[in-house]
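In what follows, a single structure is set out as structure tokens and then discussed.
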Amino acid sequence: NAKAKHVIICALNSNEFNRVSSCATAKEMWDRLEVTYDGTNQVKDAKINMLVREYEMFSMKENENIFGMFVRFTNIINSLQSLNKCYTHSEMVRKILRCLPKSWMPKVTAIKEAKDLNTLPLEELL
């Protein structure tokens, strides 16, 4: 326990140290740091719910190019993955194709006919 506490303390700056200095065990220190930086399970669930809603409501914005849209989409996906909420590549490819505006429909149709959406990498859509 003393070694573990020492390792944790060595990795902290002064503000972080002040948060955990009163903890009796390394486990207690770790738990306090985890709640500080990751939040409680309720906070995690709220973040996941918010990001899932963003994912579900996602669409290409007016005057947005495909690269900007892809960056926004990737940010949502990465945030969800960091919270252990993952979508398959197939789900993500289909989501991107669904969220494109009507002007893209001929390209979407061509992609659906020419490619296997179950194996198509997301990056290949660009």
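This note's numbering puts the sequence shown at residues 167 to 292. Using N, Cα and C, we set each Cβ at its ideal position, and we do this for glycine too. Fair warning: this is a prediction, and the values are worked out from it, not measured in the lab.
Using CA atoms only, rank isn't needed, just tell me which of the options is closest to residue i.
i	options	result
Met258	Asn184, Tyr221 and Ile232	Tyr221
Glu230	Ala190, Ile175 and Cys265	Cys265
Thr191	Ala276, Ser248, Lys281 and Lys171	Lys171
His255	Val237, Arg219 and Leu288	Leu288
Ser292	Val237, Pro272, Leu249 and Val201	A small correction: the amino acid at residue 292 is Leu; Ser does not occupy that position in the sequence shown. The residue with the shortest Cα to Cα distance from Leu292 is Val237.
Glu290	Ile232, Val201, Asn244 and Asp204	Ile232
Thr285	Arg260, Cys189 and Glu182	Arg260
Cys189	Ser269, Ala168 and Asp204	Ala168
Could you round the C-beta distance between residue i and residue j to whole angstroms and report it? I think they count as a contact, below 8 Å.
i	j	result
Met235	Met226	5 Å
Leu283	Ile242	Not a contact, Cβ separation roughly 20 Å.
Ile277	Leu249	In fact, because the Cβ distance is near 30 Å, the residues do not count as touching under 8 Å.
Apart from the five residues on each side of it in sequence, which residues of its chain come closer than 7 Å, Cβ to Cβ, to residue i?
i	result
Phe239	Phe224 and Ile262
Sorted by chain position, which residues of the same chain lie with C-beta nearer than 8 Å to residue i's C-beta, five sequence neighbours on each side aside?
i	result
Cys252	Leu246
Is residue i buried or exposed, if buried means 16 or more other CB atoms sit within 10 Å of its CB?
i	result
Val209	exposed
Met195	buried
Looking only at its own chain, which residues have a Cβ that is under 6 Å from the Cβ of residue i, when we skip the five neighbours before and after it?
i	result
Asp211	none
Identify every run of the alpha helix (DSSP H) within the stretch 235-268, keeping only runs that are complete inside it and at least 4 residues long; order them along the chain.
255-265
Mind listing, in chain order, the continuous alpha helix (DSSP H) runs of no fewer than 4 residues lying wholly within the stretch 167-231?
168-176, 180-186, 192-204 and 207-223
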